[in-house]
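Contents: one structure, followed by commentary.
Number of protein chains: 2
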Amino acid sequence: MEQLKVDPRVVRTRKLILNAFIHLSETKEFKDISVKDVTTEAQINRATFYYHFQDIYDLLEKSLSEVLSVKMPEVTSWNGDTLVALFSAITDFQASLSTRCHRGYEDTIARIIRDQIEVVLVRLLSAEANYLSKETISLLATITSWSLYGASMEWKRTQSLSAEEFIRPILPHLVAIPLIQTQ
Amino acid sequence: MEQLKVDPRVVRTRKLILNAFIHLSETKEFKDISVKDVTTEAQINRATFYYHFQDIYDLLEKSLSEVLSVKMPEVTSWNGDTLVALFSAITDFQASLSTRCHRGYEDTIARIIRDQIEVVLVRLLSAEANYLSKETISLLATITSWSLYGASMEWKRTQSLSAEEFIRPILPHLVAIPLIQTQ
DNA sequence: ATGATTCTGTTGGATATCCAACACTTTTGA
DNA sequence: TCAAAAGTGTTGGATATCCAACAGAATCAT
């Protein structure tokens with residue numbers, strides 16, 4: 001469809017940076033990961049990092065975006081399983097950040113995560129519920145992203161159930177309108 | 001010792017090309033591997049290939065050089081085990097080429113392999129037998145490289161023993177002078 | 001506290017890589 | 001046999017990446 005050619009150098013470099021970041025995230029908390037750490041691990045120049053990303057938060061955002069697009073490939077069907085997969089991807093990502101209650105960071109991270117959830121939701125809703133207006137879809141995505149993010153935080157706090165067991169029971173109450181339409 | 005800084009781009013690119021070549025060598029014979037194949041597999045531009053290598057034979061040569069330097073790291077002791085390791089590396093490499101009796105290629109490949117064996121032998125002999133003149137070492141390396149290459153061809157033809165079983169019995173007859181001096 | 005160290009984000013110039021051509025040779029296939 | 005297709009090796013200009021340097025912010029150590 002839209003195969004806009006990208007310079008192979010940039011796909012290589014972005015992959016190196018993203019992989020380095022993901023790898024580092026398994027080792028230390030986000031707040032302890034510096035741009036220097038990432039570029040050293042990726043074996044690319046620090047200036048090159050800033051050619052691709054605004055700062056470390058931008059990297060976090062695009063990293064999440066990448067994870068979501070990989071874990072939710074070409075899925076256009078709006079159903080419970082899709083939402084469970086999305087929720088699981090979110091909790092996985094937060095677990096990989098392994099950060100808890102760092103004042104000043106939490107807000108930024110939370111906004112980034114919600115924004116990316118919203119992007120996925122808009123995509124899903126646009127593909128499925130084309131009978132809704134753009135504005136309605138946008139608002140639905142917004143409130144649902146807040147809901148899912150809040151649920152992920154609560155899940156992280158309790159840790160009693162698996163992500164799926166945790167979220168599935170309340171799916172019918174989440175974004176009730178489109179679910180009713182398609183089931 | 002000699003940490004001459006090299007641009008990280010060239011180490012990346014060379015590694016990509018070498019790995020692509022080694023990977024392709026496991027799939028098809030050397031004669032069927034084109035420069036295009038390698039660059040496509042490595043995901044680098046064809047022009048970049050010629051920035052690093054003269055042609056596909058140059059790549060073959062440097063690939064063997066790389067393999068030898070990896071399989072025979074910092075070994076300076078001139079003894080039977082070292083020669084067995086060298087011989088095994090040669091037969092492994094030839095097996096990975098999986099080429100047999102292609103007129104016109106054989107000569108070039110044989111010369112490349114012998115040259116690289118010779119390089120290793122000169123290094124080993126220089127480190128061990130410093131009581132010999134440069135000219136003597138050079139000539140010893142030359143005749144030994146021919147011997148080892150010939151042995152590897154014979155081994156490839158018969159295939160009856162392991163590389164080690166094949167070569168170890170005749171080691172004392174190979175390059176007898178330095179072996180006597182050090183044992 | 002304060003000085004030292006480390007990190008950040010940015011810049012200018014050097015260099016490696018990309019890309020699209022080109023002429024030429026080799027291989028393919030009808 | 002011949003024409004089309006694919007590979008080779010090279011070139012010039014565009015672009016991504018490197019590198020060294022910088023000032024300012026943040027962190028660390030005493």
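Protein sequences, first through last, are from chains D and V. So for the first sequence, UniProt numbering puts the first residue at 1; every next one is plus one. So for the second sequence, UniProt numbering puts the first residue at 1; every next one is plus one. C-beta: ideal position from N, C-alpha, C; glycine also.
Taking a Cβ-Cβ threshold of 9 Å, the residues of chain D close to glutamine 43 of chain V are Pro8, Val11 and Arg12, in chain order. In this structure, DSSP gives methionine 72 of chain V a state outside helix and strand, which the three-state scheme calls coil. Contact between tyrosine 57 of chain V and threonine 108 of chain V holds, with the beta-carbon distance rounding to 6 Å and staying under 8 Å. Distance from the CA atom of arginine 111 of chain D to the CA atom of asparagine 45 of chain D, rounded to whole angstroms, is 29 Å.
Spatial neighbours of leucine 60 of chain V in its own chain (CB-CB distance under 6 Å, excluding positions within 5 residues in sequence) are listed in chain order as Ile112. Between phenylalanine 30 of chain D and phenylalanine 93 of chain D, the alpha-carbon positions lie close to 11 Å from each other.
In the structure shown, aspartate 81 of chain D falls within a helical segment according to DSSP collapsed to helix, strand and coil. The beta carbon of methionine 72 of chain D sits closer than 8 Å to the beta carbons of Thr82, Ala85, Leu86, Ala89 and Val120 from its chain, once the five residues preceding and following it are set aside; these are given in chain order. Scanning its chain for C-beta atoms nearer than 6 Å, with the 5 sequence neighbours on each side dropped, one finds around leucine 174 of chain V the residues Ser147, in chain order. With a threshold of 16 other beta carbon atoms within 10 Å, alanine 141 of chain D meets it and is buried. Residue range 8-25 is occupied by the alpha helix (DSSP H) that includes lysine 15 of chain V.
Taking all protein chains shown into account, valine 38 of chain V has 16 or more neighbouring C-beta atoms within 10 Å of its C-beta and is therefore buried. Its chain contains Phe93, Ile112, Ile113 and Gln116 as the residues whose beta carbon lies nearer than 8 Å to that of leucine 64 of chain D, once the 5 sequence neighbours on both sides are disregarded; these appear in chain order. By the CB criterion at 7 Å, threonine 48 of chain V and alanine 127 of chain V fall outside the cutoff.
Taking each of D:Asn79, D:Arg168 and D:Ala163 in turn and checking the Cα distance to alanine 129 of chain D, the smallest one comes out for D:Asn79. Between leucine 24 of chain V and alanine 42 of chain V, the CB-CB gap reaches or exceeds 7 Å. DSSP places arginine 168 of chain D in no alpha helix (DSSP H); its state is neither H nor E. Under the three-state reduction of DSSP output, isoleucine 33 of chain V falls in the coil class, being neither helix nor strand.
Boundaries cannot be given for isoleucine 44 of chain V, as no alpha helix (DSSP H) includes it and DSSP labels it neither H nor E.
Here DSSP, grouped into helix, strand and coil, assigns glutamine 54 of chain V to coil. The C-beta distance from serine 96 of chain D to glutamate 26 of chain D rounds to 6 Å, short enough to meet the 8 Å contact threshold.
Arginine 14 of chain V is a Cβ neighbour of histidine 52 of chain V, given a cutoff of 7 Å. Assignment of serine 126 of chain D by DSSP, reduced to helix, strand and coil, places it in the helix class. DSSP, reduced to helix, strand and coil, places leucine 161 of chain D outside both helices and strands of the structure shown, so it counts as coil.
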